[in-house]
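Below is one structure, written out as structure tokens; the observations come after it.
Protein chains: 2
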Amino acid sequence: MSAQLLDEGTAALVAELFGALSDTSRVRIISVLAEGERNVGSLAEAVGISESAVSHQLRGLRQMRLVRPRKQGRQVYYCLDDEHIVDLFQRGLDHVLHG
Amino acid sequence: MSAQLLDEGTAALVAELFGALSDTSRVRIISVLAEGERNVGSLAEAVGISESAVSHQLRGLRQMRLVRPRKQGRQVYYCLDDEHIVDLFQRGLDHVLHG
DNA sequence: TGTATATCTGAGCATCTGTTCAGATATGCA
DNA sequence: TGCATATCTGAACAGATGCTCAGATATACA
Numbered sequence: 001m002s003a004q005l006l007d008e009g010t011a012a013l014v015a016e017l018f019g020a021l022s023d024t025s026r027v028r029i030i031s032v033l034a035e036g037e038r039n040v041g042s043l044a045e046a047v048g049i050s051e052s053a054v055s056h057q058l059r060g061l062r063q064m065r066l067v068r069p070r071k072q073g074r075q076v077y078y079c080l081d082d083e084h085i086v087d088l089f090q091r092g093l094d095h096v097l098h099g
Numbered sequence: 100m101s102a103q104l105l106d107e108g109t110a111a112l113v114a115e116l117f118g119a120l121s122d123t124s125r126v127r128i129i130s131v132l133a134e135g136e137r138n139v140g141s142l143a144e145a146v147g148i149s150e151s152a153v154s155h156q157l158r159g160l161r162q163m164r165l166v167r168p169r170k171q172g173r174q175v176y177y178c179l180d181d182e183h184i185v186d187l188f189q190r191g192l193d194h195v196l197h198g
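So the sequence lines, in the order shown, correspond to chains B and U.
Counting in the working numbering, the first sequence runs from 1 upward without gaps.
Counting in the working numbering, the second sequence runs from 100 upward without gaps.
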């Protein structure tokens, strides 16, 4: 146990972290990446939104260092780059599914 | 391990859950409640926003059953009502503070 | 009863957010 | 080189979100 009133800055960082998982499209993107690497077009098709929308979302996740790009020819493959985010995602999913 | 592409509905629920922790004021409210029960006015003073703003936020958290109210006279004391949310919050905070 | 205090509520607002659209950039291949 | 494909980017727009404000409700107490 710890915590106490968080200062504005720390609270903002925590909020930003959870914000990464607070959108349906991003959650679906992350759920796919949890299985393994995927390129942008493949993500768009899986999630059912445009490649542009996926690209915009990936930029945000990239800037937070939650995903990492790997360029191969014309394609860019993304994978999850943060164990903790996977853990948070999994726990959130468990919470929704059971209990 | 598990996960795979989440369906729209499940992903929306996961997003909603994390959304509860995606705002600076709510994170600060939860950080205070993690220490124990507090009434609305006390929360407002601690977090530094109006009582009305706190009340609005608490309504959302209440509807998600993340906090629980206890009425005592004119005051309403709130406490966290979901172990998992405390766990998620704590893990998010750890992630921000170290690593 | 009447007044003060604690909380809640809905409307209005400014801001943030996610998407689309058009077009730029970069790579592969004929 | 030229063209097709994959991804990225910025502007614009619609919808969501968090706050304020005014006022409603509920309880305590003189």
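All C-beta atoms in this analysis are idealised placements derived from N, C-alpha and C, irrespective of residue type, glycine included.
Here the structure is a predicted model, which is why all the values come from computation and not from measurement.
CB contact check: residue i to chain B, cutoff 8 Å
i, result
"Q156(U)", "no"
"E107(U)", "yes"
"A143(U)", "no"
"L116(U)", "yes"
"H197(U)", "no"
"V131(U)", "yes"
"L160(U)", "no"
Straight-line Cα distance separating residue j from residue i
i, j, result
"E115(U)", "R74(B)", "35 Å"
"R167(U)", "Y177(U)", "5 Å"
"S151(U)", "L120(U)", "19 Å"
"F207(U)", "L157(U)", "Here chain U has residues from 100 to 198 only, and residue 207(U) is not among them."
"H194(U)", "V113(U)", "19 Å"
"E107(U)", "R137(U)", "36 Å"
"V76(B)", "D122(U)", "32 Å"
"S124(U)", "L5(B)", "11 Å"
"K71(B)", "G135(U)", "49 Å"
"H56(B)", "H155(U)", "31 Å"
"I49(B)", "G19(B)", "19 Å"
"V131(U)", "S141(U)", "10 Å"
"L179(U)", "L80(B)", "31 Å"
"G60(B)", "G159(U)", "26 Å"
Beta carbon proximity, residue i to chain U, threshold 8 Å
i, result
"S52(B)", "no"
"Q90(B)", "yes"
"R28(B)", "yes"
"Q4(B)", "yes"
"D87(B)", "yes"
"G13(B)", "Rather than Gly, the amino acid found at residue 13(B) in this sequence is Leu. Closer than 8 Å: yes."
"V67(B)", "no"
"E37(B)", "no"
"L80(B)", "no"
Whether residue i touches residue j by CB criterion (8 Å)
i, j, result
"L192(U)", "A44(B)", "no"
"R161(U)", "D181(U)", "no"
"V86(B)", "A46(B)", "no"
"V153(U)", "I128(U)", "yes"
"V40(B)", "A110(U)", "no"
"H197(U)", "R91(B)", "no"
One or two residues paired with residue i in a DSSP bridge
i, result
"L179(U)", "V166(U)"
"R137(U)", "Y177(U)"
"Q156(U)", "For Q156(U), which the question treats as bridged, DSSP gives no partner whatsoever."
"Q72(B)", "Q75(B)"
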